[in-house]
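One structure is given below, encoded as structure tokens.
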Amino acid sequence: MENFFIDYRDPIFGLIILISAALIVATASYVWGVFSKRDEKDRIERFIRKFDSSNGLSTKHKELLRSIDIGSESLGLLATVFSKSGDFEKAINVYLIALENVKDKKDKEFILTNLGKVYFQAGFLKKSEEIFLESLKLGPRNETSLKYLSVIYERLKLYQNELEVLDALKEQGVSTDESLAFVKSQIIANDANLSFDKKIKEIMTFSKDFDFVLRLVLELHLKHQEPLSKIRKFPNLASCIDIIWHLKEPVNLRDREFKALFYAKNLNNEFETSSFFEINAISAMRKSGFFEADLNFKYVCKECKNTLPTHFYRCPICYSLQSVEILPKIVRKDDEINMPF
């Protein structure tokens, strides 16, 4: 027995044990790598079969793209051309063919991310979600996929899912405070278990840092037909002029801009100048006895400069949050006036 313990303490014996352990770990890692790659390959093949469509490229063209030696970058450019021209089915087919040929994990992740964008642009949100989740299996820190997922969940009103995605982005150093405030405000606004006053109180906790909250509170009062006199703090007129203009009674007359607007509408007799040329012009018309002037509005994204007919909190073109600019235009009064939300 003593001889056994002497051998056990022998440095050569220890070295043999160490080398054996290293070989076992290396072999296990290699086997695991082989099986995980095979599993990943099978998963991608199932994924391609699931999303492949016959509505885009013809079978002949698909076989042609498969047979010739074209790199994934070239296929990606071709898919981008189809996508920009609105041929989403063809773009999807090209990305799936690129996915069949590519070997590198990073390239697969890149193709999946772009494929998810195409489905998103085409309006297939659930399919887009599935593809972005697949890309995150290859690259869990894929910031682009996470950002698109947050927008998808917001549109689908899956706010708890969006909070999880925003937390993942925050861990990567992405600024998410504004998005978190918006999502949490939406969760509170849609909570059937909260009274109206409780909702407003909780949402207003975000108003110190984010102006959009004040417009949201104003919208909730109008939606639930609550008296606007209950509002303690109104948004600045530039962010809600399209709502205030359509009111039948004056509110917030302590504010110079509101007072000027309601003078222009002939709902207030105290004249005040405004920073809006359009309001000053309508006030001048009122003084001259012309009361047929009205305002309508268009909405411009300050980021992508696209013009849209309705108000948005998130731009539907570039997906920027709180980038809307409301632009009034003088028109003749119409018989049909609609609220802008």
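All letters in the sequence shown, in the order written, are residues 814 to 1154 by our numbering. Yeah, the Cβ is synthetic: ideal placement off N, Cα and C, and Gly gets one too.
Note down the Cα distance separating residue i from residue j, rounded to an integer number of angstroms.
i	j	result
residue 924	residue 954	15 angstroms
residue 899	residue 1072	47 angstroms
residue 1036	residue 1133	25 angstroms
residue 922	residue 907	15 angstroms
residue 919	residue 931	19 angstroms
residue 1099	residue 1131	40 angstroms
residue 993	residue 1138	21 angstroms
residue 1006	residue 972	16 angstroms
residue 1146	residue 987	46 angstroms
residue 927	residue 982	19 angstroms
residue 1000	residue 1135	18 angstroms
residue 897	residue 1052	33 angstroms
residue 799	residue 951	Nothing about residue 799 can be reported from this structure: the residues present for the chain run from 814 to 1154 only.
residue 798	residue 905	No answer is possible for residue 798: it lies beyond the span of the chain, which begins at 814 and ends at 1154.
residue 1129	residue 929	16 angstroms
residue 1155	residue 1078	Absent from the structure is residue 1155, since the part of the chain shown begins at 814 and ends at 1154.
residue 1084	residue 945	56 angstroms
residue 1056	residue 1014	21 angstroms
residue 1046	residue 1104	30 angstroms
residue 1019	residue 941	31 angstroms
residue 1010	residue 1041	13 angstroms
Using a Cβ-Cβ cut-off of 7 angstroms (strictly less than) and excluding sequence neighbours within five positions of residue i, which residues of its own chain qualify?
i	result
residue 978	959, 962, 963, 966
residue 968	938
residue 1141	1054, 1089, 1091, 1108, 1110
residue 1094	1143
residue 1048	1024, 1027, 1028, 1031
residue 975	963, 966, 967, 996
residue 832	none
residue 901	931, 934, 935
residue 989	979, 982, 983
Using C-beta distances below 8 angstroms, list every residue in its chain close to residue i, excluding the 5 sequence neighbours before and after it, in chain order.
i	result
residue 1082	1076
residue 1118	none
residue 911	885, 888, 889, 892, 924
residue 956	982, 985, 987
Return the bridge partner residues of residue i from the DSSP annotation.
i	result
residue 1121	1112
residue 1001	Bridge partners of residue 1001: none, in fact.
residue 1127	1134
residue 1142	1109
Using C-beta distances below 6 angstroms, list every residue in its chain close to residue i, excluding the 5 sequence neighbours before and after it, in chain order.
i	result
residue 1063	1075, 1080, 1081
residue 1058	1108
residue 948	922, 925, 926, 955, 958
At what residue ranges does the region 882-949 contain a whole run of the alpha helix (DSSP H), taking only runs of 4 or more? 885-897, 901-914, 918-935
Inside the region 1013-1095 only - alpha helix (DSSP H) runs reaching at least 4 residues: 1025-1036, 1054-1057, 1069-1077
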